[in-house]
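Structure first, then comments.
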Amino acid sequence: MKGRNVVLVFLFYPYLVFSYTSFVPSHEGVCGNFSPFAEGVEAGELNPANLVFSPEYSFNILTVGMEYALDMTIGEYLNLFSGEFLDKEKERIRKVRDMKFVGGIRGGSFSYKTIGFNFSYFSYNTLHLPQEVMDLILYGNERDRKYNLNGVNGEICHGLSFKFFFAHKIGEYCGMGYGVKLLKGIAYCGVKEVDGYLETIFDKADSTWISGRGEMIIETAEGGNGISIDIGTIYYLGRGKFILSIYAQNVMSAMFWSTNSKEISASFVIDSTDLEKFKPDTTFQWKVEDTRGKVFRSYLPPHIGIDLGKKGRRFKYVIGVGYPQYIGGGCEYLVWKDIKVRGGIGYRYSRWWLGIGIGYHRSIFKLDTGLRWNSWGYFSAALGVSLVSSD
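In C-alpha cells form, the structure reads like this:
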C-alpha cells in the first residue's frame, strides 16, 4: 500500500496546481486551429492581427482553461487507484517519465477596434523522472542493483500577465498584429541539478546493506519580472474566400526571478545500513544560500501556428500546422441561429487527438466551451463567457 501511495503522489502531483493555456474555448474545440476566425479578445490571445477584421468591441467576463499531460491511456489513468491494476501494469507505468500541467484564468479583458488588453493568472508546471527513478518508486530498491538518480528535474512557475495588443490594416485584405505581455512573477521553484546513486547489496552472510549518496540544487524565489512578445499576420486570399493566419506566441519570453531568491543545496550519504537490525547510519545535509544578488530565469513555452480557414453560410473549415510538432483541422457548424458545434482532429507527437466544443451566441452574449484530448492521458479544456458587439 505504501508503494502505491508513493506512485499516486508522483503521478498526480502536477494535477494539484492550476496553470496556463490558450484561454480560447473555440480553439480547443477544433483541435487547435481556430486562429483565422478568432475575434476581439480571442484574437488578441491567438493572433492579434485579426483585430482589424473583428467586431468593434468585445469584453471577456471570465475564461478558465487547463491542460494536463501524462503518458498513460485514460483507462489506465482512471484505474490507478486499483492495486490489482498497479501490480499488473508496472511495466507500462514505468515508462511514464514526463508530466506537465498548464492552464489559467483570464477575466476583465477587452478590445476596442484595433487595440485591446487582457489580464490573466498563469502557472507552468513540469516534472521529469528518469527511468531508474520510476523503477525505484514502483518496485522498491532491488538487491544488487545500483540506481542512477541523475536527471530528475522540474519547475513550478506562478505569475500574472498584463497583455496589451494592437493591430493595423495593410491594404484591403491584410493585417498585422502585435502583443506585449508584461509578466509579474509570484513564486518559482526549480529542481536544477540532481546527481547521485542508491545501491542495495546482498552479502554472503544473508544480510542486506544499502549504500548511496546524492546531491541536488533547488532554486526558489518569491517574485520576479519578465516580458513576452506575440506577433501575427492575417491575409484574406481570393477576395475573402480563404483566410490565412500566421502567428507566434511567447517569442523571446523570459521571466527573471530575484525577489527573496534562494539556492538550496541538499545532500545525503547512506553507508552500510543493516536493514536486518534497522540501525541506519545516514546523514543529511541541507545548505540554504541567500542569493539576493543572483537572478534565476524561466520561460513560457513558445508556439508557432499557420492556419488556413474558409467560411461558408453555416460552416467554418480550418486546417493548420504548428510548432511544436502539430498538424490538424476542424470545422464549426451553425446548428441553430444561436448554437454552434465544433469538432476537430489533429496529429502531434506521434499521436492522434480529437477536439469537440459547443458555443451559444445570442445578441452580444457568448458562451463557449472546448475540449481537446487523446487516449494517452492528455486533455486540454477551456470555458469562456464574453460580450461582443453585433456584426
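For the sequence shown, position 200 (counting from the first letter as 1) is numbered 200 according to this note's numbering, and the numbering increases by one without interruption.
Even glycine gets a Cβ: it sits at the ideal position worked out from N, Cα and C.
Original post:
For residue 138, which of helix, strand or coil comes out of DSSP?
Top reply: DSSP, reduced to helix, strand and coil, places residue 138 within a helical segment of the structure shown.
Original post:
Pairing CB atoms from the segment 57-68 with CB atoms from the segment 185-198, are three or more of them under 8 Å?
Top reply: Verdict: no, contact absent.
Original post:
Relative to the alpha-carbon of residue 130, which residue among 335, 196, 48 and 32 has its alpha-carbon at the smallest distance?
Top reply: Scanning 335, 196, 48 and 32 for the CA closest to the CA of residue 130 turns up 196.
Original post:
With a cut-off of 8 Å, do at least 3 Cβ pairs link the segment 37-48 to the segment 352-361?
Top reply: Because the criterion of three Cβ pairs below 8 Å is not met, the segment 37-48 and the segment 352-361 do not touch.
**OP:** State the beta-bridge partners of residue 219 as determined by DSSP.
**Re:** Under DSSP, residue 219 forms a beta bridge with 190 and 263.
**OP:** Report yes or no: do three or more beta-carbon pairs, one from the segment 239-257 and one from the segment 305-322, lie closer than 8 Å?
**Re:** By the Cβ test, the segment 239-257 is in contact with the segment 305-322, since at least three Cβ pairs between them sit closer than 8 Å.
**OP:** Kindly indicate which three-state DSSP category residue 53 falls into: helix, strand or coil?
**Re:** Correct three-state label for residue 53: helix.
**OP:** Would you check if the distance between the CB atom of residue 31 and the CB atom of residue 359 is smaller than 8 Å?
**Re:** No, the Cβ-Cβ distance between residue 31 and residue 359 is not below 8 Å.
Subject >> Assigned secondary structure, residue 69 (DSSP; H/G/I helix, E/B strand, else coil) >> reply: Strand at residue 69.
Subject >> When 235, 126, 106 and 200 are compared against residue 143, the one with the closest alpha-carbon >> reply: The candidate whose alpha carbon is nearest that of residue 143 is 200.
Subject >> Pick from 179, 128 and 161 that is closest to residue 46, judged by C-alpha positions >> reply: When only C-alpha atoms are compared, the closest one is 179.
Subject >> Coarse secondary structure for residue 44, derived from DSSP in three states >> reply: Residue 44 sits in a helix when the DSSP states are folded into three classes.
Subject >> residue 168 burial status per 10 Å Cβ neighbour count (16 or more: buried) >> reply: With fewer than 16 Cβ atoms within 10 Å of its Cβ, residue 168 is classed as exposed.
**OP:** Keeping to the same chain, check which residues put their C-beta closer than 8 Å to that of residue 237; ignore five residues upstream and five downstream.
**Re:** Only 173, 243 and 244 meet the Cβ criterion.
Original post:
Between the Cα of residue 99 and the Cα atoms of 108, 125 and 117, which residue gives the shortest distance?
Top reply: Each of 108, 125 and 117 was checked against the Cα of residue 99, and the nearest Cα belongs to 125.
Original post:
When the Cα atoms are used, what is the spatial distance from residue 259 to residue 338?
Top reply: It is roughly 49 Å from the alpha-carbon of residue 259 to the alpha-carbon of residue 338.
Subject >> Alpha-carbon to alpha-carbon, residue 108 and residue 159 >> reply: In a straight line, the C-alpha of residue 159 is about 17 Å away from that of residue 108.
**OP:** Measure the CB-CB distance between residue 52 and residue 175 and report whether it falls below 8 Å.
**Re:** Yes.
Original post:
residue 258 by DSSP, collapsed to three states: which one?
Top reply: It is a strand residue.
**OP:** Counting only runs of 3+ residues fully inside the segment 151-192, write out the beta strand (DSSP E) ranges in chain order.
**Re:** List check, beta strand (DSSP E) in window: 153-170.
**OP:** May I ask you to verify whether the segment 251-270 touches the segment 218-228, counting CB pairs closer than 8 Å and requiring at least 3?
**Re:** Because the criterion of three Cβ pairs below 8 Å is met, the segment 251-270 and the segment 218-228 touch.
**OP:** Taking the CB atoms as reference points, tell me whether residue 128 and residue 103 lie closer together than 8 Å.
**Re:** Not a contact, by the Cβ cut-off of 8 Å.
Original post:
Going by the CB atoms, is the gap between residue 329 and residue 33 shorter than 8 Å?
Top reply: Yes, they are a contact pair.
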